[in-house]
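**Q** Take this structure, written in structure tokens, and hold onto it; I'll ask about it next.
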């Protein structure tokens, strides 16, 4: 049974990778832009999946971390910094901010934590909007340059798309290694049964904090790519709406599944574009789709796939599949 | 004999209800101490206060002469005190082997070494050895949630011994386990006690199991110790008979 699943998953993975590699030749520039956005948002969703799916903490602040990463990168690269140190700084700054926010906030659980992170997101948004001397306020920061790699410019849409794809691949690999390490085992344990984990020596507070901070750090990396992607940033995209959208990506894709964020980001980033033909009705249709999915399959799209491949009797609503394997 | 664990005047109240009312006792190196008592007599609350899951209202707990009152369970565990819970507590979505590795991984190295080190934290051989000891080796790769109740109960106990504790507090290890497996569990516990010199405190309702396993027994009723002694003595104590047979 496990073998059949591995085969199905392997084929799906190979097909998706092949599609992603040839995709730029099939789409107009706008399509390539949307696909790049998908890759960038997937990175932020992978981060949130660590926080929510693996450590079990609801965060509504992921957009704030994407924003902090984007502003740091935009501010520094428009002042002449190269992209790489700016990107690294964005990731580290968000990791540290996430740690500092999580340290007091993670004493709270569930919806209380959600409220604290919601407030943090609003606070960061207000800083972006009101601190004009730093962020340019509602006029934002324009002409964010795109990076170059060993003298090779990423200015073109194709080049930057592949750049985002490579970044996504790297982040995925690092996250895969993380959840396959003893940390991943501890994450699953503290989500499943924190009291038992604690009695086995797992410092649940520290692990939860690390999951939260790492999730925030990935949000920062995502923002560092977002700024040169759109080349103009203002506060609007980093409002609470994006946090909710990222949460939607993780939950719809399948919270706690490694590939959940990839699928969730397709639903949240690509589907609205495909539904544009329906004009004003698309939001309604989209909302209906998400509601129906959540009612009939609360474990998300990958939970649904899991149920189809695994016979009902043996199906464990596994979030820990990659860890358990 | 020196005391591994000293409990002094431990008290825990929830509002007006006093669940543990001034309990003092010592646990000596290498002994198997049984704690029995009717339902609601405060046994599990006593464990939770000793182990840091609950903060005692008053009193002290010493481990090897060192004050550990109110210490976090994870820190206490890393000092060599492990436990099982009254209700079954394994991680159903981890494999049987991973359950055991988890139980040992926090006891060696740093957080960083667990991030960059090997996936099994170097514990797979030890985990397999422990599984063989508890006769669960044929189930190592199964998800723990797929095991029978009795097998999960054995796994639960095995997890408590994975880190080689000096002191293990077991809360109803025999609850819901069938007679054949019960004998096996008792033999395993006695073997660990003899071979590793581990000290045990066991809460249990199954009298035959307690009498066969423990060298000394405390009887708790309404949050107080009403009797103490070897199994034969406790069995014939008038106060114990009254506490069990009721008013």
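Protein chains in written order, with this note's numbering: chain A, 2 to 326; chain B, 541 to 787. Ideal Cβ placement from N, Cα and C applies to all residues, glycine included. Please read these numbers as outputs of a predicted model, since none were measured by experiment.
1) Residues of chain A with a CB under 8 Å from the CB of residue 591 of chain B: which are they?
2) Can you name the start and end residues of the beta strand (DSSP E) that residue 566 of chain B belongs to?
3) Report the residues of the stretch 593–620 of chain B with a CB closer than 9 Å to any CB of chain A, ordered along the chain.
4) Entirely within the stretch 692–765 of chain B and at least 3 residues each: give me those beta strand (DSSP E) ranges in chain order.
5) Taking Cβ to Cβ, would you say residue 221 of chain A is nearer than 8 Å to residue 66 of chain A?
6) If you draw a straight line from the alpha carbon of residue 189 of chain A to that of residue 634 of chain B, how long is it in whole angstroms?
7) Is residue 547 of chain B helix, strand or coil when you go by DSSP?
8) Excluding the five sequence neighbours on either side, which residues of its own chain have a C-beta within less than 7 Å of the C-beta of residue 660 of chain B, listed in chain order?
9) Which residue comes first and which comes last in the alpha helix (DSSP H) that contains residue 254 of chain A?
10) Of the residues that make up the stretch 161–192 of chain A, which ones have a beta carbon closer than 8 Å to any beta carbon in chain B?
11) Relative to chain A, which residues along the stretch 634–646 of chain B have a C-beta separation below 8 Å, given in chain order?
12) How would you write the range of the alpha helix (DSSP H) that residue 169 of chain A sits in, first residue to last?
13) Between residue 269 of chain A and residue 17 of chain A, what straight-line distance do the alpha-carbon atoms span, to the nearest angstrom?
14) Report yes if the C-beta distance between residue 726 of chain B and residue 701 of chain B is below 8 Å; otherwise report no.
15) What residue range is occupied by the uninterrupted alpha helix (DSSP H) comprising residue 644 of chain B?
16) What's the C-alpha gap between residue 243 of chain A and residue 64 of chain A?
17) Please decide whether residue 623 of chain B counts as near chain A, where near means a Cβ-Cβ distance under 8 Å.
18) Mapping the DSSP letters down to three states, classify residue 682 of chain B as helix, strand or coil.
19) Does the Cβ-Cβ distance between residue 710 of chain B and residue 636 of chain B come in under 8 Å?
20) In three-state DSSP terms, what is residue 315 of chain A?
21) Run through the DSSP bridge pairs and tell me what residue 334 of chain A is partnered with.
22) So residue 691 of chain B packs on residue 683 of chain B, CB below 8 Å; how close in whole Å?
23) Is it true that the CB of residue 129 of chain A sits closer than 8 Å to the CB of residue 273 of chain A?
24) Helix, strand or coil: which one does DSSP assign to residue 143 of chain A?
25) In angstroms, rounded to a whole number, what distance separates the CA positions of residue 307 of chain A and residue 165 of chain A?
26) With 16 other CB atoms within 10 Å as the buried threshold, where does residue 80 of chain A fall?
27) Return the first residue and the last residue of the alpha helix (DSSP H) that residue 137 of chain A is part of.
28) In angstroms, rounded to a whole number, what distance separates the CA positions of residue 738 of chain B and residue 111 of chain A?
29) Output yes if chain B places a C-beta closer than 8 Å to the C-beta of residue 4 of chain A; else output no.
30) Is the distance from the Cβ of residue 576 of chain B to the Cβ of residue 744 of chain B below 8 Å?
31) Taking the beta strand (DSSP E) that residue 653 of chain B belongs to, which residues open and close that run?
32) Please determine if the stretch 589–603 of chain B and the stretch 548–555 of chain B are in contact, where contact requires at least 3 C-beta pairs separated by less than 8 Å.
33) From residue 29 of chain A to residue 143 of chain A, what does the alpha carbon distance come to, in whole angstroms?
34) Is DSSP giving residue 768 of chain B helix, strand or coil here?
35) I want to see whether chain B comes within less than 8 Å of residue 203 of chain A, judged by CB atoms only; does it?
**A** Let me lay it out:
1) Taking a Cβ-Cβ threshold of 8 Å, the residues of chain A close to residue 591 of chain B are 200, in chain order.
2) Where residue 566 of chain B is concerned, the enclosing beta strand (DSSP E) stretches over 557–568.
3) Sequence-ordered contacts of the stretch 593–620 of chain B with chain A read 593, 612, 613, 614, 615, 616, 617, 618 [C-beta pairs closer than 9 Å].
4) You should have 707–711, 739–743, 756–761.
5) Yes, these two residues count as a Cβ contact at 8 Å.
6) Spanning the two alpha carbons is a distance of roughly 8 Å.
7) Residue 547 of chain B falls in the strand class under three-state DSSP.
8) Closer than 7 Å at Cβ, skipping near neighbours: 641.
9) Counting along the chain, the alpha helix (DSSP H) containing residue 254 of chain A begins and ends at 241–255.
10) Within the stretch 161–192 of chain A, the qualifying residues are 179, 181, 182, 183, 184, 186, 187, 189, 190.
11) Answer set for the stretch 634–646 of chain B: 634, 635, 638, 641, 642, 643, 645, 646.
12) Run containing residue 169 of chain A: 158–181, per the alpha helix (DSSP H) assignment.
13) Residue 17 of chain A has its alpha-carbon roughly 17 Å from the corresponding atom of residue 269 of chain A.
14) Residue 726 of chain B places its beta carbon 8 Å or farther from that of residue 701 of chain B.
15) 636–645 is the span of the alpha helix (DSSP H), which, as asked, contains residue 644 of chain B.
16) Roughly 5 Å separates the two Cα atoms.
17) Yes, residue 623 of chain B lies at the interface with chain A (some Cβ there is under 8 Å from its Cβ).
18) In the structure shown, residue 682 of chain B sits in coil (DSSP, three-state: anything other than H, G, I, E or B).
19) Not in contact: residue 710 of chain B and residue 636 of chain B (Cβ atoms no closer than 8 Å).
20) Confidence in residue 315 of chain A is poor, its pLDDT being 46 and thus under 50, which makes the residue's placement unreliable; the coordinate value appears in the next sentence. Here residue 315 of chain A carries a helix assignment [DSSP, helix/strand/coil].
21) The question about residue 334 of chain A has no answer, for chain A in this structure spans 2 to 326.
22) No, residue 691 of chain B and residue 683 of chain B are not in contact; Cβ-Cβ is about 12 Å, not under 8 Å.
23) No, these two residues do not count as a Cβ contact at 8 Å.
24) Three-state DSSP puts residue 143 of chain A in coil, outside helix and strand.
25) Rounded to the nearest angstrom, the two C-alpha atoms are 29 Å apart.
26) That one is exposed.
27) Premise fails: residue 137 of chain A is in no alpha helix (DSSP H) and is neither H nor E.
28) So the two alpha carbons sit approximately 39 Å from each other.
29) Chain B contact via Cβ: absent.
30) Yes, these two residues count as a Cβ contact at 8 Å.
31) No beta strand (DSSP E) contains residue 653 of chain B, which is instead part of the alpha helix (DSSP H) from 651–656.
32) Between the stretch 589–603 of chain B and the stretch 548–555 of chain B there are three or more C-beta pairs closer than 8 Å, enough to call the two in contact.
33) Across the structure, residue 29 of chain A and residue 143 of chain A are spaced so that their CA atoms are roughly 24 Å apart.
34) DSSP, reduced to helix, strand and coil, places residue 768 of chain B within a strand of the structure shown.
35) Residue 203 of chain A has a beta carbon lying within less than 8 Å of a beta carbon in chain B.
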